[in-house]
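All the letters of the sequence shown, read from the start, carry residue numbers -19 to -1, 1 to 288 under mature numbering (1 follows the signal peptide of the UniProt record, and there is no 0).
Ideal placement from N, C-alpha and C gives every residue a C-beta, glycine not left out.
Data block below; observations after.
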Amino acid sequence: MKKVLTGITAITLLAACGAADVEPENNQSESIDTNVNTAENEAAGTSGENDVPEENTGDAEADAGGNEPSAEENAPVEAAAEDDNGAADGEETAGDNEAGSFSYEEFDLQLEFTDDREWEFEYERGDSEIERDDGESLTGDAAAQEIESLFADVNVAADRPMAEIKQEVIEAAGADPSEVEEFDLDVKTASGEEIDVDHEYSGGGTIRELDLDIDFTNGEDVEYEFEADDNEAEIERRDDSEVEGAEALSEVEALIGALDVTMDHSIDELKEQLYSALDLDADEVQKVDLDVEFDSSESIQFKHEWQ
């Protein structure tokens, strides 16, 4: 009986020991699984976090290795550079315009000097020429470029005194105004405005010859002619009727008495004198052409036509 009890006790002890031995193995397995999962998760997390940096690192390595970025990557940079260059170009152009630019479709200048020299500058798109008795003559593009350069800052305008225009143009041409005996300037702008200023000698005095032509917007015109040496005058009115003899002479002399024609006046000022003396509406006038000669041999002529 004791042997049986002893055997049962031994079996019980062995079973207990076996159970104790198995449980640690299970715990160890669970620990290993947990460690594996943790390692996998950490590896996965590390890999996910490194995806973008790995690409950037590759780009940086490519750039460092001398490889050029793709066209798509360059496009924004190139566009920004072009915008910057465009802005710079625009600023430079604006500066050039402020400095002065040649703005005439046609420019014709003739100068005659007291020593009989003559200079002529003719400018027209596609047909230009410069002639100087004492210098080089040019034609074509070379002449056009020199004229554009010489007279870029010249301002020929109807509201400026004609004496100022004359001096400015002569000096721009590289001549001394005191040596110029005859000055003849004809210009036409892109808008169609035409301005002519001719001046010979100086001295003033009494008007001995007058030739006036005024055109109106409706196609009508008036003309006044006067010659003191022959004591003659003639008028052609807007209705095409003509007046001669004493009546015309009296009317033209009254007109001359109302005028103060000098180079110190602007074309606009002289036009206002004419409108007032002849009772004309300025809004109806399209062209004024006045040519007077004094008893001192000075002559002043201007023409102004606009659209």
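Around the beta carbon of Glu103, 16 or more other beta carbons lie within 10 angstroms, which makes this residue buried.
By the Cβ neighbour-count rule, Glu274 is buried, with 16 or more other Cβ atoms within 10 Å of its own.
Taking C-beta separations shorter than 7 Å and ignoring five residues to either side along the sequence, the partners of Glu160 in its chain run Phe94, Thr95, following chain order. Across the structure, Phe197 and Lys268 are spaced so that their CA atoms are roughly 7 Å apart. Taking all protein chains in view, the Cβ of Tyr205 is crowded by 16 or more other Cβ atoms within 10 Å, so the residue is classified as buried.
Of Asp210, Ala133, Glu112, Asp211, the smallest CA-CA separation from Ala124 is found for Glu112. Selection Leu191, Ser257, Ser183, Asn199 evaluated against Glu234 yields Leu191 as nearest (Cα-Cα). Your pair Ala154 and Trp100 checks out as a contact, with CB atoms roughly 7 Å apart and the cut at 8 Å. For Tyr205, the enclosing beta strand (DSSP E) begins and ends at 202 to 208. Annotation for Asp249: Ala139, Asp140 place their beta carbon closer than 7 Å to its own, counting only its chain and skipping 5 residues before and after.
Around the Cβ of Tyr85, a 10 Å sphere holds 16 or more other Cβ atoms; the residue is buried. Counting only runs that start and end inside the segment 221 to 245, the beta strand (DSSP E) elements of at least 3 residues fall at 223 to 225.
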